[in-house]
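One point on numbering: in this note's numbering, the residue at position 285 of the sequence shown is 285, and numbering is uninterrupted. Note that CB positions come from ideal geometry on N, CA and C, so glycine has one too. Comments concern the structure below.
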Amino acid sequence: MAPQLLRTVAEVSAWGAGLRRAGRRLALVPTMGFLHEGHLSLMREGRRHADVVAASIFVNPTQFGPKEDLARYPRDLEGDLARCAGAGVDVVFAPTEPGAMYPPGYQTYVEVTEVSKGLCGDRRPGHFRGVATIVTQLLCLFRPEVALFGEKDYQQLQVIKALNRDLHLGVEILGMPTVREPDGLAMSSRNAYLSAEERKRALSLSRGLGAAQALSRAGTREAAALVEAVRRELRAADLREDYVELVDAERLTPLATLQPGQPARLLVAAFCGATRLIDNQSIGG
Ligand code: PAF
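Okay, here's the thing in structure tokens:
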């Protein structure tokens with residue numbers, strides 16, 4: 001069945017009030033649209049945790065830098081609505097206006113100071129402020145019991161967990177495993193930018209993470225060696241590294257070595273032609 005389409009904040013407020021009166025549990029999947037299997041897996045998982053599943057589709061301008069791809073970010077509302085229907089989504093919030101969430105007079109921004117540091121936070125100044133602001137808005141507007149996000153944006157997930165905890169929003173934040181193409185490429189709306197030749201070279205991210213994981217399983221504990229395993233693959237495919245880092249899985253602080261029992265994450269960002277891709281992998285621990 002086609003999801004109910006809400007186009008304004010006022011419509012969401014009225015709909016949410018009705019839902020709460022009826023005592024129904026809500027799962028929310030915030031997205032920027034151009035949905036792929038990664039998003040759809042979040043929507044299907046949402047169904048397991050709630051009576052009603054809502055998705056938002058909004059290309060959030062405040063999380064893009066001035067030289068980034070806001071204007072050309074892929075959009076396909078018709079296709080997205082069909083995909084949401086297939087995934088059993090009940091309601092889709094897709095504001096009509098790009099400025100709908102930032103009307104004249106808007107002046108409230110959310111900054112998560114610690115886990116926004118380093119990694120994408122350093123390379124994309126202001127990005128996590130934009131993400132934290134829109135996600136806080138959506139959580140306050142929908143007041144879901146559960147909200148689901150992909151682990152592909154691993155630092156984003158930690159930022160969202162922190163704001164939810166610090167602002168006492170009381171939402172259960174579920175991070176779900178990255179969904180990959182059969183050859184290992186992490187699914188991303190930005191994969192649409194890749195030419196056929198770039199698409200092949202883009203595999204170096206997941207290949208590098210796989211090589212590092214194999215090394216760690218064979219006993220390598222030094223971050224430098226694990227990072228080098230990823231860099232080797234990026235170089236071989238002629239990708240330009242943005243960063244490759246081993247960090248504590250929760251605090252995202254850099255690690256020099258893997259420690260037994262300490263969950264760690266290896267994260268990579270690299271440019272494949274003009275397209276910036278990210279991926280990450282749990283490692284050691
Ligand atoms: O991951 C995304 O698609 C976006 O960053 C999010 C969480 C929907 C906020 O705009």
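query                                                                                                                                                             : result
How many Å lie between G88 and A225 at the Cα?                                                                                                                    : 44 Å
With V179 and G38 assumed to form a contact (beta carbons below 8 Å), what rounded beta-carbon distance in angstroms separates them?                              : 4 Å
For I287, which residues from the same chain have a beta carbon less than 8 Å from its beta carbon, with the 5 sequence-adjacent residues on both sides left out? : Lying before the first or after the last residue shown, residue 287 is absent from the chain, which here runs from 1 to 285.
Restricting to runs no shorter than 4 residues, where is the alpha helix (DSSP H) found entirely within the stretch 43-94?                                        : 77-86
I want to check one thing, is the minimum distance from the CB of Q156 to the heavy atoms of ligand 1 below 7 Å?                                                  : yes
Any contact of the stretch 210-230 with the stretch 104-121, i.e. 3+ C-beta pairs under 8 Å?                                                                      : no
Could you name the residues that DSSP lists as bridge partners for C272?                                                                                          : T275
Are the Cβ atoms of C84 and A269 separated by less than 8 Å?                                                                                                      : no
Sort out for me which residues DSSP pairs N280 with in a bridge.                                                                                                  : L267
For D90, which residues of its own chain have a beta-carbon under 8 Å away from its beta-carbon, when the five flanking residues on both sides are left out?      : P3, Q4, V52, V53 and A54
So within the stretch 176-238, which uninterrupted alpha helix (DSSP H) runs reach at least 4 residues, ignoring any that extend past its ends?                   : 196-201, 203-217 and 223-236
Considering just the uninterrupted stretch of the beta strand (DSSP E) at R240, what are its terminal residues?                                                   : R240 to D248
CB E145 to CB E172, shorter than 8 Å?                                                                                                                             : yes
Is M176 near ligand 1, in the sense that its beta carbon is under 7 Å from a heavy atom of that ligand?                                                           : no
Helix or strand or just coil, what does DSSP make of T133?                                                                                                        : helix
Between L266 and A196, how many whole angstroms is the CB-CB distance? I'm expecting something under 8 Å.                                                         : Actually they are not in contact, since the Cβ atoms of L266 and A196 sit about 28 Å apart, beyond 8 Å.
Do R129 and Y109 have their C-beta atoms within less than 8 Å of each other?                                                                                      : yes
When DSSP labels each residue in this structure, what does L35 get in the three-state scheme?                                                                     : coil
For the beta strand (DSSP E) holding A290, just list the boundary residues, first then last.                                                                      : No information on residue 290 is available, as it lies outside the stretch 1 to 285 that the chain covers here.
Could you pull the start and end residues of the alpha helix (DSSP H) that Q317 belongs to?                                                                       : Past the edges of the chain, shown from 1 to 285, lies residue 317, and the structure says nothing about it.
Going by Cα to Cα distance, which pick from T96, T257, A71 and P66 is closest to L77?                                                                             : T96
Is M187 near ligand 1, judged by its Cβ being under 7 Å from some heavy atom?                                                                                     : no
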